[in-house]
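Below is one structure, written out as structure tokens; comments come after it.
Number of protein chains: 2
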Amino acid sequence: MTAPLDTVFSALADPTRRAILAMLLEDDMAVTDVAEPFSTSLAAISKHLMVLAHAGLITQEKRGRVKWCKLEPDAMRDASIWMQAFGQYEAVHLDAFERFLAVELDGEGAGLPRPPNTPDQSTN
Amino acid sequence: MTAPLDTVFSALADPTRRAILAMLLEDDMAVTDVAEPFSTSLAAISKHLMVLAHAGLITQEKRGRVKWCKLEPDAMRDASIWMQAFGQYEAVHLDAFERFLAVELDGEGAGLPRPPNTPDQSTN
DNA sequence: GTCATCGTCAACCATTTGGTTGAATATGCC
DNA sequence: GGCATATTCAACCAAATGGTTGACGATGAC
Chain G
1 MTAPLDTVFS ALADPTRRAI LAMLLEDDMA VTDVAEPFST SLAAISKHLM
51 VLAHAGLITQ EKRGRVKWCK LEPDAMRDAS IWMQAFGQYE AVHLDAFERF
101 LAVELDGEGA GLPRPPNTPD QSTN
Chain H
125 MTAPLDTVFS ALADPTRRAI LAMLLEDDMA VTDVAEPFST SLAAISKHLM
175 VLAHAGLITQ EKRGRVKWCK LEPDAMRDAS IWMQAFGQYE AVHLDAFERF
225 LAVELDGEGA GLPRPPNTPD QSTN
């Protein structure tokens, strides 16, 4: 159950959050340690982490009094695939790509080329 | 001069805007035609188009009294690459996609990103 | 010239977002 | 128990976002 594209893309739209994800690429981290390099308050970072967790981009596990944050790169998969439909393939290749998509994701939520008239996926 | 990741990701965070991009995958469209399938006002769609243009995801050209919108998939490139930096460590699930990629397209340096450590681009 | 069409602008509104501070809740340590 | 550490909660604030409506400037058609 990957988070909706809305949630993932908007989580990624903030530079602080992207920087946090990059930090977590190295290793799991405690909330306090995540916050350390930033000049913003701990509470603000805590909120950012909640946004990331809500998007599925990280998971958090409390061990003792420390809450560990773990990167979940899989959560980017749908968004990444969605983008590649545009970024790498010109319309020529689209048909093949759609076939791929139909198998890989089931349409819902991807909002892809399924012709117009599907302005939205309710999951906001 | 690709738009900063902030701008691109936040442009993509809205379902209406993603739907618009998907429509433009088919063909260039006039503003009025872009707006047609949506229930929101033309002015609202016009704003969305401005956001997309600002992110570089589309370009607009006025011919006569009609303003044509054209998809600019290249603008997603940096964002796409950024995301793939995370995906590459658990490429297992991407196998199918990569096979598709290899067959359908010839790399074009589009290959997977340089290793982590390129968390962000300062250009905000 | 007149009229309809295309699209944006301006003013407004409600909601969300990213930030702050200070208090509160766990939990570990001695 | 008492204190320090780790994290969130609550209340607040300013700015941004997505939407609306009505007026307005261009442009094409007749």
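As given, the protein sequences belong to chains G and H, one line each in that order.
Under the numbering used here, the first sequence has 86 at position 86, and the numbering climbs by one with no breaks.
Just so we're on the same page, the numbering used here is the position in the second sequence counted from 1, plus 124.
Glycine included, each C-beta is placed from N, C-alpha and C at the ideal position.
Interface residues of chain G facing residue i [CB-CB closer than 8 Å]
i       : result
Q208(H) : S80
L195(H) : F86
Within chain H, the residues that residue i reaches when beta carbons sit closer than 9 Å
i      : result
A13(G) : L129, D130, T131, V132, F133, S134, A135, L136, A137
L49(G) : Here the premise fails: no neighbours, minimum Cβ distance about 16 Å.
Test item: CB-CB of residue i and residue j under 8 Å
i       : j       : result
A135(H) : L176(H) : yes
K47(G)  : I58(G)  : no
R189(H) : L5(G)   : no
Contact set between residue i and chain H, taken where Cβ atoms lie within less than 8 Å
i      : result
D37(G) : A small correction: the amino acid at residue 37(G) is Pro; Asp does not occupy that position in the sequence shown. Simply none; closest approach about 11 Å.
DSSP beta-bridge partners of residue i
i       : result
R187(H) : V190(H)
L195(H) : I182(H)
A30(G)  : W68(G)
Rounded separation between residue i and residue j - CA only
i       : j       : result
M153(H) : W192(H) : 5 Å
D151(H) : F162(H) : 17 Å
V8(G)   : G211(H) : 14 Å
D198(H) : Q184(H) : 15 Å
V31(G)  : K62(G)  : 10 Å
T164(H) : L49(G)  : 33 Å
Cβ shell of residue i (< 7 Å), same chain only, five flanking positions each side left out
i       : result
P139(H) : none
A55(G)  : A3, T7, V8, A11, A75
Y149(H) : Before going further, note that residue 149(H) is Leu rather than Tyr in the sequence given. Correct list, in chain order: L195.
Spatial neighbours of residue i in its chain, beta-carbon cut-off 8 Å, leaving aside the 5 residues before and after
i       : result
M23(G)  : M29, V34, P37
I45(G)  : T16, I20, V31, V34, A35, F38
A79(G)  : L5, V8, F9, L12
L166(H) : V155, T156, A159
Near the ligand GTP: residue i beta-carbon under 7 Å from a heavy atom
i      : result
L24(G) : Here there are no bound small molecules, and the ligand GTP is not part of this structure.
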